[in-house]
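Here the structure is laid out as structure tokens; the discussion comes afterwards.
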Amino acid sequence: MSDTFEPTNIIVTGGCGFIGSNFVHHVVNNHPGTHVTVLDKLTYAGNPENIAGLPEDRVELVVGDVCDEALLDRLVPGHDAIVHFAAESHNDNSIADPEPFVRTNVYGTYRLLEACRKFDVRCHHVSTDEVYGDLALDDPARFTEETPYRPSSPYSSTKASSDMLVRAWHRTYGVRATISNCSNNYGPYQHVEKFIPRQVTNVLCGTRPKLYGDGRNVRDWIHTEDHSSAVWAVLTRGRVGETYLIGADGERSNIDVLRAILTAMGRPEDAFDWVRDRPGHDRRYAIDPTKLRTELGWRPRHTDFAEGLAATIEWYRENEAWWRPAKEATEAKYAAQGQ
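Read the sequence shown against my numbering and you will find it ends at 712, with the numbers running on by one and no gaps.
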């Protein structure tokens, strides 16, 4: 039996980031009885424009750091739950400088767990499938909740560390916590450093897209709206202390995704440049979401990847003012890495 939980006042950490802001929109649009306090440090990946226009009586933005104990002591009391999206999440950045990843992903999660323990607030921790390492391209297996952790990058190792902290705080201190590990997200409001937005905005800028290595690396894609609905399902109906894997059966190689983007944007399939591979680049991720689907009855709505990709491309086409300010610096950083 799943626990039932109906939050009316939640904190969403990282709620101005890509996945966090889409979750805030999901809650506002689908759960009118819930007020959202967004806690976001507004680093380069957090943009208040991502939640602009949402009703002020439903959404409040607090600019601050999840590592700030005094701030959490003031903010957390009176809330039903914390949904913890805040994280440094870009693999390339973690390779160049791991320290912010250790601070935010590990120490920040520790501080949140301590606040949840102190004020008896429920916690849902949003993690990644990258904690499981990778699979061979010809391996029929997929990740499950029982797959051993085998992180390969500074980013994934810090997320694995934070998952372990959540489990320990639940078992040792009784913190009411759940964890979800999700596959690669796509959709609106994603920073241009990420794979799909980078390729789309390169085409919009008249620049050739760039593809790592041999392009055969496989990712398991899910629309961010489906991720949001799954997180809500786990938060409200999931069993405390449990982990749920979130996926939508969306395995595709990077080269196939890039060709789909080029085709959708009216470009030849080969109109891209090969670039140097990422160090330690994971080959394949694949999620088995059976537990989530059978236990909580969740199903993805965006099952047509071509349709979801077309809508995402259109969003970037219509929102150039949102992504243009970050584009030049992002490409300069990639160029310096030979990518």
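Beta carbons: idealized from backbone N, C-alpha and C, even for Gly. Computed from a predicted model, the values in this text were never measured in an experiment.
Cβ-based burial, R697 [other Cβ within 10 Å; buried from 16]: As a first step, residue 697 must be located in the sequence shown, where it is residue number 324. It is exposed - the Cβ of R697 has fewer than 16 other Cβ atoms within 10 Å.
Distance, D593 Cα to Y658 Cα: Position 285 of the sequence shown, counted from the first residue, corresponds to residue 658. Position 220 of the sequence shown, counted from the first residue, corresponds to residue 593. The C-alpha of D593 is placed about 6 Å away from the C-alpha of Y658.
Does T703 get closer than 8 Å to chain B when you measure Cβ to Cβ? Absent from the structure is chain B; it holds one protein chain and no more.
In the DSSP assignment, find the alpha helix (DSSP H) that holds S500 and state where it starts and stops. Numbered from 1 along the sequence shown, position 127 holds the residue referred to as residue 500. That residue, S500, is in no alpha helix (DSSP H); its beta strand (DSSP E) goes 495-501.
Would you call Y689 buried or exposed, if buried means 16 or more other Cβ atoms sit within 10 Å of its Cβ? Looking up residue 689 in the sequence shown gives position 316. Around the beta carbon of Y689, 16 or more other beta carbons sit within 10 angstroms, so the residue counts as buried.
Nearest to T416 by alpha carbon, out of T636, P380, T386? Residue 416 sits at position 43 when you count from the first residue of the sequence shown. Residue T386 is the option with its Cα nearest to T416.
Tell me the DSSP secondary structure of L669 in three-state form. For this step, residue 669 is matched to residue 296 along the sequence shown. If DSSP states are grouped into helix, strand and coil, L669 belongs with the helices.
Alpha carbon of I384 to alpha carbon of T407, nearest angstrom: Against the sequence shown, residue 384 aligns to sequence position 11. Against the sequence shown, residue 407 aligns to sequence position 34. Those two C-alpha atoms are separated by around 10 Å.
Could you spell out the range, first to last residue, of the alpha helix (DSSP H) harbouring I634? Here the question's residue 634 lines up with position 261 in the sequence shown. Residues 627-637.
Between the alpha carbons of N423 and V456, how many angstroms are there, rounded? If you number the sequence shown from 1, residue 423 lands on position 50. If you number the sequence shown from 1, residue 456 lands on position 83. Within the model, the alpha-carbon separation for N423 versus V456 is close to 17 Å.
Range covered by the alpha helix (DSSP H) that runs through V648: Locating residue 648 in the sequence shown gives position 275, where the first residue counts as 1. Careful: V648 lies outside any alpha helix (DSSP H), inside the beta strand (DSSP E) at 646-648.
So, are the CB atoms of H498 and S535 less than 8 Å apart? Taking the sequence shown and counting its residues from 1, the one referred to as residue 498 is at position 125. Taking the sequence shown and counting its residues from 1, the one referred to as residue 535 is at position 162. Cβ atoms of H498 and S535: closer than 8 Å.
For T551 and A454, what's the separation of their Cα atoms in angstroms? What you label residue 551 is simply residue 178 of the sequence shown in a count that begins at 1. What you label residue 454 is simply residue 81 of the sequence shown in a count that begins at 1. Between T551 and A454, the C-alpha separation is close to 11 Å.
Straight-line CA distance for P473 to V479? The residue you call residue 473 lines up with position 100 of the sequence shown. The residue you call residue 479 lines up with position 106 of the sequence shown. Roughly 10 Å separates the two Cα atoms.
So T616 is in the beta strand (DSSP E); what residue range does that whole segment cover? Within the sequence shown, numbered from 1, the residue matching residue 616 stands at position 243. Its beta strand (DSSP E) spans residues 616-619.
Distance check for G560 and M374, CA to CA, integer angstroms please. Here residue 374 is taken as the residue at index 1 of the sequence shown, counted from 1. Here residue 560 is taken as the residue at index 187 of the sequence shown, counted from 1. Low per-residue confidence applies at M374: pLDDT is 40, beneath 50, and the placement is therefore not dependable, though the value from the model is reported in the following sentence. Looking at the two C-alpha atoms, the distance is approximately 33 Å.
Going by DSSP, name the residue or residues bridged to I594. Along the sequence shown, read from residue 1 onward, the residue named residue 594 stands at position 221. Looking at the sequence provided, one finds Trp at residue 594 rather than Ile. According to DSSP, W594 bridges with N557.
Can V565 and A699 be called in contact, C-beta distance under 8 Å? Locating residue 565 in the sequence shown gives position 192, where the first residue counts as 1. Locating residue 699 in the sequence shown gives position 326, where the first residue counts as 1. Going by C-beta atoms, V565 is nearer than 8 Å to A699.
Quick one, are the C-beta atoms of Y522 and V504 less than 8 Å apart? Mapped onto the sequence shown, residue 522 falls at position 149. Mapped onto the sequence shown, residue 504 falls at position 131. Against a cut-off of 8 Å, the Cβ pair of V504 and Y522 comes out as a contact.
Would you be able to state if there are at least three C-beta pairs under 8 Å between the segment 392-404 and the segment 463-470? no
For Q572, count the other beta carbons within 10 Å of its own beta carbon; 16 or more makes it buried, fewer makes it exposed. Which is it? In the sequence shown, the residue the question calls residue 572 occupies position 199. That one is buried.
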